[in-house]
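Engineer: Counting from 76, one number per residue, gives the positions in the sequence shown under this note's numbering.
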Amino acid sequence: MRKNLFPILLPILISSYPIFFIYSHNITGIHISGIFLPLFFIVACTLFVFALLNIFIKNIYKSSLIVSLSALVILSYGHIFDLLRQSPLDSLLQGKQTPGFIAAIAIIFLTSYLILKSKSNLISIMLISNFIGIALLIPSLFEIIKYDILYSLNYAVNEKTYTWQVTSSNQKNPPDIYYFVFDRYGRSDILENVYQFDNSQFIKFLQDSNFSIPQKSWANYTQTQLSLSSSLNMEYHDDLIKSLGRQSDDIRPLIDLIEDYSVLRFLKSNGYLYIHAGSWWGPTAWNRNADKNINLPSLSEFSEIVYSKSLFHPLTIKLNIPLFNSRLTHCKRPYYKFDEIAKVPDISKPTFTFAHFLLTHEPYVFDKDGNCLSQEETDKRSEKRNYEEQIVFANKKIQELVNTIMEKSKENPPIIIIQGDEGPYPEAYRKGELNFDWKNATEEEKRQKMAILNAYYLPLGGDKLIYPEITPVNTFRLILKYYFGQDIEQLPNTAYFSNKSSPYKFTVITKNYK
Numbered sequence: 076m077r078k079n080l081f082p083i084l085l086p087i088l089i090s091s092y093p094i095f096f097i098y099s100h101n102i103t104g105i106h107i108s109g110i111f112l113p114l115f116f117i118v119a120c121t122l123f124v125f126a127l128l129n130i131f132i133k134n135i136y137k138s139s140l141i142v143s144l145s146a147l148v149i150l151s152y153g154h155i156f157d158l159l160r161q162s163p164l165d166s167l168l169q170g171k172q173t174p175g176f177i178a179a180i181a182i183i184f185l186t187s188y189l190i191l192k193s194k195s196n197l198i199s200i201m202l203i204s205n206f207i208g209i210a211l212l213i214p215s216l217f218e219i220i221k222y223d224i225l226y227s228l229n230y231a232v233n234e235k236t237y238t239w240q241v242t243s244s245n246q247k248n249p250p251d252i253y254y255f256v257f258d259r260y261g262r263s264d265i266l267e268n269v270y271q272f273d274n275s276q277f278i279k280f281l282q283d284s285n286f287s288i289p290q291k292s293w294a295n296y297t298q299t300q301l302s303l304s305s306s307l308n309m310e311y312h313d314d315l316i317k318s319l320g321r322q323s324d325d326i327r328p329l330i331d332l333i334e335d336y337s338v339l340r341f342l343k344s345n346g347y348l349y350i351h352a353g354s355w356w357g358p359t360a361w362n363r364n365a366d367k368n369i370n371l372p373s374l375s376e377f378s379e380i381v382y383s384k385s386l387f388h389p390l391t392i393k394l395n396i397p398l399f400n401s402r403l404t405h406c407k408r409p410y411y412k413f414d415e416i417a418k419v420p421d422i423s424k425p426t427f428t429f430a431h432f433l434l435t436h437e438p439y440v441f442d443k444d445g446n447c448l449s450q451e452e453t454d455k456r457s458e459k460r461n462y463e464e465q466i467v468f469a470n471k472k473i474q475e476l477v478n479t480i481m482e483k484s485k486e487n488p489p490i491i492i493i494q495g496d497e498g499p500y501p502e503a504y505r506k507g508e509l510n511f512d513w514k515n516a517t518e519e520e521k522r523q524k525m526a527i528l529n530a531y532y533l534p535l536g537g538d539k540l541i542y543p544e545i546t547p548v549n550t551f552r553l554i555l556k557y558y559f560g561q562d563i564e565q566l567p568n569t570a571y572f573s574n575k576s577s578p579y580k581f582t583v584i585t586k587n588y589k
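The structure is reproduced here in structure tokens:
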């Protein structure tokens with residue numbers, strides 16, 4: 076390799092290292108395509124600063140070393156701060172960012188000064204630095220390549236596993252279909268018993284609007300990636316476990332099943348347009364198969380992780396810049412989604428809208444009237460109050476949206492499903508997630524987590540098919556059979572518990588949770 080390439084290579088190696096390091100430690104939950112934009116942006120910015128600095132100091136080796144060391148400090152700041160918080164120094168820091176921030180800036184200026192004043196053989200230092208950069212990258216790249224090879228060899232989502240024998244649909248005037256999932260929206264009796272929250276007014280609105288509300292409905296799984304991949308594919312994960320094994324912690328197959336799923340494939344093959352209203356959660360933020368994505372521009376979940384570990388995070392978090400202040404985006408996103416979904420009935424072609432809402436889920440950013448709260452304001456409130464007030468706000472927006480959709484769809488009544496994917500976590504779980512085991516949970520804790528809101532607006536007699544115990548896995552089995560004439564039967568309604576560390580090690584609930 077020519078020596079004059081080393082100064083250019085070093086900033087690339089150093090600035091890309093944190094990206095690959097973070098990805099290699101989150102590889103099962105993030106698709107590799109999610110790293111390309113932040114990788115390109117960070118490397119490009121680093122090279123730009125390198126070129127700009129070299130114009131002033133006119134020494135390519137010194138410019139390269141200064142920029143590379145600065146990039147390493149800037150991009151690794153959060154990781155170092157986390158390590159310090161786990162050390163005896165935490166008692167001195169007291170969780171404050173300021174001392175660490177000042178120290179990082181001092182290191183950048185001090186090392187830059189020493190490099191500028193150095194009389195050493197910088198060519199040798201540059202060569203050694205490049206080898207160090209390569210050595211840093213090798214472990215992460217090895218893990219990434221190994222995982223992708225094994226994943227492609229051992230598992231790929233098999234469409235036959237998650238589909239049924241499709242027959243021609245005799246639907247002549249297909250209705251719009253809306254599938255609204257409100258994450259952790261618990262069933263009314265649980266809200267009353269655990270939170271002393273009366274949700275009867277909202278339930279009455281739904282019933283007065285001819286929604287059917289099964290009174291004994293529960294979730295099939297305790298985690299969103301398990302629940303959504305099941306309901307959207309109308310299957311339990313038995314075949315997936317056969318491929319991965321119960322000991323696996325790999326959730327990538329679940330993410331793939333949330334992006335490309337049986338219900339979507341069937342409806343698109345029958346002329347439906349797919350409208351995807353995403354959340355901040357990576358697997359549902361955007362969908363490449365959608366005809367239209369509804370979401371605000373924001374940092375991806377992976378980019379947010381990279382940014383949160385950088386030196387810029389404590390500097391920009393106080394600024395009201397939506398792109399760099401996720402809280403502001405969390406405040407704006409629900410309003411934007413509700414407004415855009417309200418326009419869907421105006422589309423002339425039949426539409427299928429899947430919307431994942433995190434309004435009844437952390438982070439808590441709203442009061443009951445939909446006003447955006449600061450972190451300090453929500454921190455002063457109890458978990459109970461934060462959860463309740465966001466339910467109140469969610470209820471108001473749901474009512475407005477349902478009324479709008481109904482008003483615009485009088486000639487061809489739509490299908491609307493409003494459903495929780497799981498209920499709220501019990502207090503014992505929130506206090507010690509790492510030590511909480513669902514096998515040892517009380518019956519009340521299990522009921523709190525599994526009992527969900529489940530409401531169906533099924534016109535033309537479809538409401539008569541709803542039964543009290545129906546669970547999400549059977550939602551679209553019922554719809555596709557009744558409205559589209561598909562030969563697909565109901566599955567047993569079963570609940571499965573599993574811990575996040577072992578998502579496929581299920582404990583089956585055989586009793587009916589009422």
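Beta carbons are placed, not taken as given, at the ideal position from N, Cα and C, and that holds for glycine. Treat the numbers as computed from the prediction; the structure is a model and nothing was measured.
#1: With distances taken between CB atoms, is the gap from Lys133 to Ser193 smaller than 9 Å?
#2: With 16 as the cutoff for other CB atoms within 10 Å, does Gln300 come out buried or exposed?
#3: Apart from the five residues just before and just after Ser484, which ones in its own chain have a Cβ nearer than 7 Å to its Cβ?
#4: Mark Gln322 as exposed unless 16 or more other C-beta atoms lie within 10 angstroms of its C-beta, in which case mark it buried.
#5: In the structure shown, what three-state DSSP assignment does Pro578 receive?
#6: Does the beta-carbon of His436, which I'm using as the reference point, lie nearer than 8 Å to any heavy atom of the ligand PLP?
#7: Let me know the secondary structure DSSP gives Val440 once reduced to three states.
#8: Could you give the C-beta distance for Ile527 and Gly261, rounded to a whole number, given that I count them as a contact under 8 Å?
#9: Based on the DSSP secondary-structure assignment, which residues constitute the bridge partners of Trp293?
#10: Please return the same chain residues whose Cβ sits closer than 6 Å to the Cβ of Thr186, not counting the five positions on each side in sequence.
#11: Between the alpha carbons of Ser151 and Phe468, how many angstroms are there, rounded?
#12: Beta-carbon within less than 7 Å of Asn568's beta-carbon, same chain only, minus the 5 sequence neighbours each way: which residues are those?
#13: Comparing alpha-carbon positions, which option in Gly104, Asp414, Phe581 lies nearest Tyr222?
#14: Mind checking Tyr571: buried by the 16 CB within 10 Å criterion, or exposed?
#15: Can you tell me where the alpha helix (DSSP H) holding Val381 begins and where it ends?
#16: Using C-beta distances below 6 Å, list every residue in its chain close to Leu307, excluding the 5 sequence neighbours before and after it, in chain order.
#17: Could you please give the first and the last residue of the uninterrupted beta strand (DSSP E) stretch that includes Asn368?
#18: Taking the continuous alpha helix (DSSP H) assigned at Val269, which residues delimit it?
#19: Does the Cβ of Glu564 have 16 or more other Cβ atoms within 10 Å, making it buried, or fewer, making it exposed?
#20: To the nearest angstrom, how far is the alpha carbon of Thr582 from that of Asn205?
#21: Please list the terminal residues of the continuous alpha helix (DSSP H) segment that includes His388.
#22: In angstroms with no decimal places, state the Cα-to-Cα distance between Ala659 and Ile94.
#23: Report the three-state DSSP secondary structure of Ala516 (helix, strand or coil).
#24: Output the distance between the C-alpha atoms of Leu84 and Ala352, rounded to the nearest integer angstrom.
#25: With 16 as the cutoff for other CB atoms within 10 Å, does Asn248 come out buried or exposed?
#26: From the DSSP output, which residues share a beta bridge with Ser287?
#27: To the nearest angstrom, how far is the alpha carbon of Ser375 from that of Lys407?
#28: Within the chosen definition, does the segment 443-462 reach the segment 516-534 through at least 3 CB pairs nearer than 8 Å?
#29: Quick one: any contact between the segment 532-539 and the segment 482-501, if contact means 3 or more CB pairs under 8 Å?
#30: Are Ser302 and Ala294 closer than 9 Å when you measure CB to CB?
#31: How close, in whole Å, do the beta carbons of Leu281 and Phe272 come, if the pair is a contact with beta carbons under 8 Å?
#32: Just grab the DSSP bridge partners of Leu348 for me.
#33: Quick one, are the C-beta atoms of Ser378 and Pro113 less than 9 Å apart?
#34: Tell me, please, which residues DSSP counts as bridged to Ile491.
#35: Measure the alpha-carbon distance for Ile333 versus Ile135 and round it to whole angstroms.
#36: Where does Tyr237 sit, in a helix, a strand or coil, going by DSSP?
Structural biologist: Walking through what the data contain:
#1: no
#2: buried
#3: Asp251, Pro420
#4: exposed
#5: strand
#6: Among the components modelled here there is no ligand, and therefore nothing to report on the ligand PLP.
#7: coil
#8: Contact between Ile527 and Gly261 holds: CB atoms are separated by about 7 Å, below the 8 Å threshold.
#9: Paired residue(s): Ala526.
#10: Leu144
#11: 39 Å
#12: Glu544, Ile545, Thr546, Asn549
#13: Gly104
#14: buried
#15: Val381: member of the alpha helix (DSSP H) spanning 376-383, first to last residue.
#16: Tyr336, Val338
#17: 367-369
#18: That run of the alpha helix (DSSP H) goes 263-270.
#19: exposed
#20: 50 Å
#21: 387-391
#22: Only positions 76 to 589 of the chain appear in the structure, and residue 659 is not among them; the question remains open.
#23: Residue state, collapsed to three classes: coil.
#24: 41 Å
#25: exposed
#26: Tyr531
#27: Taking the straight line joining both Cα atoms gives about 16 Å.
#28: By the criterion of at least three beta-carbon pairs nearer than 8 Å, the segment 443-462 is not in contact with the segment 516-534.
#29: yes
#30: yes
#31: Not quite, the Cβ-Cβ distance comes to about 16 Å (not below 8 Å), so this is no contact.
#32: Thr426
#33: yes
#34: Tyr253, Tyr532
#35: 48 Å
#36: Caution applies to Tyr237, whose pLDDT of 40 falls short of 50 and renders its modelled position unreliable; the value that the coordinates give is listed next. In this structure, Tyr237 counts as helix in the three-state DSSP scheme.
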